[in-house]
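Protein chains in written order, with the working numbering: chain A, 5 to 458; chain B, 72 to 273. Ideal Cβ positions, reconstructed from N, Cα and C, are used throughout, including at glycine. Here the structure comes first, spelled out in C-alpha cells, and everything after it is commentary.
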Amino acid sequence: MPGFNAVQEGCKHAPMRNSLRFLLATSLAALSMTLAGGAVRAQPVIDINKGVASSVSIAVPPFSGSDARSSELGPRIAEVVAKDLERSGFFHALTDHYPEPNLNIAVTPQFAAWRGVNVIDLVNGAASTDVDGRLRVDFRLWDVSVGSQLVGAQFTSSPDNWRRVAHKIADAVYQRLTGQGPYFDTRVVFVAESGPRAHRIKRLAIMDQDGANPSYLTNGTYVALNPRFSASNQQITYAAMSKDAVRVYLFDIETGRRETIGSFVGEMAFAPRFSPDGSKVALSVEKNGNTDIYVVDLRSRESHRLTSDPAIDTSPSYSPDGSRIVFTSDRGGKPQLYVMSAEGGNAHRITFDSGQYTTPVWSPKGDLIAATKQTGGQFHIVTLRADGSGEHVLTSSFLDEGPTWAPNGRVLMFSRETPGSGARLWTIDVSGQNERLEPYPGGATDPAWSPLLK
Amino acid sequence: MTAPARHMALKLALALGLAASAAACAHKPPPPPADTGMGGPPPPPPPSNYGPPGGGPVTGAPIPGSVRDFVVSAGDRVYFELNADSVSSEGRGVLDSQAQWLQRYPNVMVRIEGNCDERGTREYNLALGGRRADGVKRYLVSRGISPARITTTSYGKERPTDPGTGEDAYAHNRNAHTAITSGAAGGDTSSDFSGNAPGGLQ
Chain A
5 MPGFNAVQEG CKHAPMRNSL RFLLATSLAA LSMTLAGGAV RAQPVIDINK
55 GVASSVSIAV PPFSGSDARS SELGPRIAEV VAKDLERSGF FHALTDHYPE
105 PNLNIAVTPQ FAAWRGVNVI DLVNGAASTD VDGRLRVDFR LWDVSVGSQL
155 VGAQFTSSPD NWRRVAHKIA DAVYQRLTGQ GPYFDTRVVF VAESGPRAHR
205 IKRLAIMDQD GANPSYLTNG TYVALNPRFS ASNQQITYAA MSKDAVRVYL
255 FDIETGRRET IGSFVGEMAF APRFSPDGSK VALSVEKNGN TDIYVVDLRS
305 RESHRLTSDP AIDTSPSYSP DGSRIVFTSD RGGKPQLYVM SAEGGNAHRI
355 TFDSGQYTTP VWSPKGDLIA ATKQTGGQFH IVTLRADGSG EHVLTSSFLD
405 EGPTWAPNGR VLMFSRETPG SGARLWTIDV SGQNERLEPY PGGATDPAWS
455 PLLK
Chain B
72 MTAPARHMAL KLALALGLAA SAAACAHKPP PPPADTGMGG PPPPPPPSNY
122 GPPGGGPVTG APIPGSVRDF VVSAGDRVYF ELNADSVSSE GRGVLDSQAQ
172 WLQRYPNVMV RIEGNCDERG TREYNLALGG RRADGVKRYL VSRGISPARI
222 TTTSYGKERP TDPGTGEDAY AHNRNAHTAI TSGAAGGDTS SDFSGNAPGG
272 LQ
C-alpha cells in the first residue's frame, strides 16, 4: 500500500528512523547553542496577544542545493516552511520578487534590500547530500528590521523525510518568533468518509498536520469512530461499529496490530481517550440503555467504573496532569459539561448555559477546555476555563463538531459539515481568528492531533 | 400527516407492491414456524394468498413469518421526538403489533437498532441511540417477549435512513429499527447496517 509510507517512517526498528531521531537530537542541541550564544532578542518577536490580525511579512526564498537531488528538494522544503508559517496566521509569506533570490547561506543578507520589500523576517537555507546519501539542510532565521541572526541550525535525515525536515525548520522559526510551542511536525488521525450518506464508508486514517501523506489504517468494513493518539505517538485508540456491536480498540501504528480494550461483551464501548501518561484509557460503556464512564488499565486490563448516574455520561477527557476528567452528562436534563476526579467522584457541573455542550477536550496546556456547543440551531466550537468561566465562541455553522488541540494548545482542528454535502476538517486559532480549511481534500470527521513527533 | 407517517405509508405501499409481484410466483404454501419447544401457543394458520374464485382481482400478501411480513403487518420502526427517548403513543401501537407478531413466530430473534438525527454530536448520539433501543426492548419485554430474543445496539447518527437535511429527514432518522436477525421465513434478515462495506461484514 503506497500510502503507508508515513506509517513505515515511524517503525521503531527501521534504521532510517533511528538515525533521524539521533540526528535531529544532535541538530536540536546545535540549535539551542545557537540561540544561547547568538540571540540578540530573547523575547518573542511577535506579540501573540494581538492575535493574527496583523500578520508579519516573512520571506522563505527557495533553498539552494548542492546536487540534483538536493537542488530538487531545496525549493520544495522552503515552500513547505512558508506554507506552515502562513497557515498559523501569524505570517504572510512573500512568494516572489526576492531582492536576493540566490542568497548564499554563508553570507549576511543585504538587509536594506529586504526592508525595501517590507520583509520583517527572512529564512534562507541550503540543502545538500552528505557522503552517506543523507539530506542535510542548513538554515538561518534573520531579523531584517534589526539586521541580526535569530536562529541558525542544521537538520539531517533520509531524503524521504524531507517534509519532516521542513516542518522542523518551520517549528524552530515559529517558536522563536511567537514564543508559542511547536506544532508543525505532527500528524492527525481522523475518520475518512466516502460514499452515500446512508451507507457511508468511514475508515480510520492518518496524515501529516498539513494534509500531506494521507493513508488509511482500516479498510472500512467497520465504521471507525473517535480515534485518539497516545502520548507516545505510536498507539491509537478508537471505536468501531459493526452491525451488532460497538467496541474500543488499541491500534499500534508501528506494527498494525489491533486488539480490543476491556471485556464489554453485550455492551457498547466508545468515546475512548488515553490518560496523559498513556497507561489507561477512559471510555464510555452503554448497558441496558445507560451510558457510564469506565477506565481500563492497559497493563492489568482491569476496568472500573467512574460514574454510576442513570443519565448519559460520555466523552471523558483527562486534564494534562491526569488528576481530573471533564465529560458530558445529561443528568441535568440535557447535555452539559462536568468535571470529576480521575478516580471518579466529586463530579460538578461547569456549564449552565441554555445550549447543549458535548465533546469536551482538555487543552494540553491545561488552561482551557474546548467543546462543541449547540444552540439556536447552530453548532459552535467553544473554549472555556476548567471552572466553566470565560466561554469564548470560536466558530459558528450548520454543524461544527469534535475539536482537537494541537500539542501547543494554540490551534484547534474540528469537522464542519455543510447541508447536503460531506464534512471537511478545519482549523482555527484559539483567539477565534484564522479559520481555515485543512488542506486534506476528502470527507473527514473526528480529527485527533498527535503530540509533537520526536 | 407527520413525516414518519408519510414515510411509513410510502414504505407500506412499496412493500405491498413488491409483495403482490412476489405472490404471483409463489406456488408452495409457506412453511409453518418451527416448534421451539418453548411452550408458546401454536401459531395461527397462515392467511390465504388466494383471491376469491371467479376471476376477481388477485391480491397479494407477504409470506407470513418473513421479514417483509413483519415490516408490513407489524411495522419495523418507531419514531422519537427531538432528544427524546420515550416511545410515543403511536410508537406503542407499532410495538404492540411487533409483540403480537413476535409471539406468533417464536423462533424469530431481533436486534433493536437505535438511530439519531445528525443534529447532535457523534458520541452523545451513540449513547442516546442506545437509550432508545433499550426503551423499545423494555416495552417489548413488558408485552411478553423474552429478553433472550432481543439484543440492542446503537448506530447513533452513523446510519441515517433519510439522507436529506431538514426537519422531515431528522424526524425520520430519530428512530429505533427492529431488525430480524434469524428465524424468519425464508431465512431473511434485516438491518440498517446492510450495504455498508466493500466485502461485506464479518
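Residue 110/A - DSSP class collapsed to helix/strand/coil: coil
Cutoff 8 Å: residue 246/B Cβ touching any chain C Cβ: Of the protein chains in this structure, namely A and B, none is chain C.
Residues of the region 307 to 326 of chain A with Cβ closer than 7 Å to any Cβ of chain B, in chain order: 316, 318 and 319
Expected contact under 8 Å - CB spacing of residue 238/A and residue 210/A to nearest Å: That belief does not hold up - the Cβ atoms of residue 238/A and residue 210/A are roughly 12 Å apart, past 8 Å.
Per-residue contacts from residue 410/A into chain B (C-beta, under 7 Å): Result: empty, since nearest Cβ-Cβ is about 21 Å, beyond 7 Å.
Residue 229/A at chain B interface by Cβ criterion, 8 Å: yes
Supposed contact pair residue 194/B and residue 288/A - C-beta distance, whole angstroms, cut 8 Å: 7 Å
Per-residue DSSP class, three states only, for residue 256/B: helix
Ordered list of beta strand (DSSP E) runs contained in the region 160 to 228 of chain A, each at least 3 residues: 191 to 198 and 205 to 212
Sufficient close CB pairs (3 or more, under 8 Å) joining the region 242 to 249 of chain B to the region 227 to 235 of chain A: no
Residue range of the unbroken alpha helix (DSSP H) whose run includes residue 429/A: Premise fails: residue 429/A lies in the beta strand (DSSP E), 427 to 433, not in any alpha helix (DSSP H).
Residue 79/A - containing alpha helix (DSSP H), residue span: 72 to 91
Test item: CB-CB of residue 194/A and residue 410/A under 8 Å: no
CB contact below 8 Å: residue 186/B versus chain A: no
Inter-residue Cα distance where the pair is residue 80/A and residue 215/A: 15 Å
Among 62/A, 104/A, 116/A and 75/A, the one whose alpha carbon lies nearest that of residue 97/A: 62/A
Span of the beta strand (DSSP E) around residue 225/B: 221 to 227
Distance CB(residue 191/B)-CB(residue 199/B) smaller than 8 Å: yes
Bridge partners - residue 212/B, DSSP secondary structure assignment: Paired residues: none, contrary to the question.
Residues of its chain near residue 302/A, where Cβ-Cβ distance is below 7 Å and the 5 sequence neighbours each way are ignored: 283, 284 and 285
Three-state secondary structure (DSSP) of residue 205/B: helix
Nearest-angstrom Cβ-Cβ length linking residue 249/A and residue 230/A, presumed shorter than 8 Å: With 8 Å as the limit, residue 249/A and residue 230/A do not qualify as a contact, their Cβ atoms being about 15 Å apart.
Residue 234/B at chain A interface by Cβ criterion, 8 Å: yes
Rounded Cβ spacing between residue 346/A and residue 319/A (contact assumed at less than 8 Å): About 15 Å separates the two Cβ atoms, so there is no contact after all.
Per-residue burial, residue 247/A [other beta carbons within 10 Å of its own, 16 or more giving buried]: buried
Touching by the beta-carbon criterion (3+ pairs, under 8 Å), the region 152 to 167 of chain B and the region 259 to 267 of chain A: no
Anticipated Cβ contact below 8 Å, residue 187/A with residue 414/A, distance rounded: 7 Å
Pick from 125/A, 341/A, 438/A and 84/A that is closest to residue 167/A, judged by C-alpha positions: 84/A
Residue nearest to residue 333/A in terms of C-alpha spacing, selected from 181/A, 192/A and 311/A: 311/A
Chain B contact residues for residue 194/A, given Cβ-Cβ distances below 7 Å: The contacting residues do not exist; residue 194/A stays about 12 Å from chain B at best.
Assigned secondary structure, residue 455/A (DSSP; H/G/I helix, E/B strand, else coil): coil
Cutoff 8 Å: residue 230/B Cβ touching any chain A Cβ: yes
Element boundaries [beta strand (DSSP E), containing residue 382/A]: 382 to 389
Distance between residue 150/B and residue 25/B (C-alpha atoms, nearest Å): Outside the modelled stretch of chain B, which goes from 72 to 273, sits residue 25/B, for which no answer is possible.
Interface partners of residue 405/A on chain B, CB under 8 Å: 192 and 193
Range covered by the alpha helix (DSSP H) that runs through residue 169/B: 160 to 175
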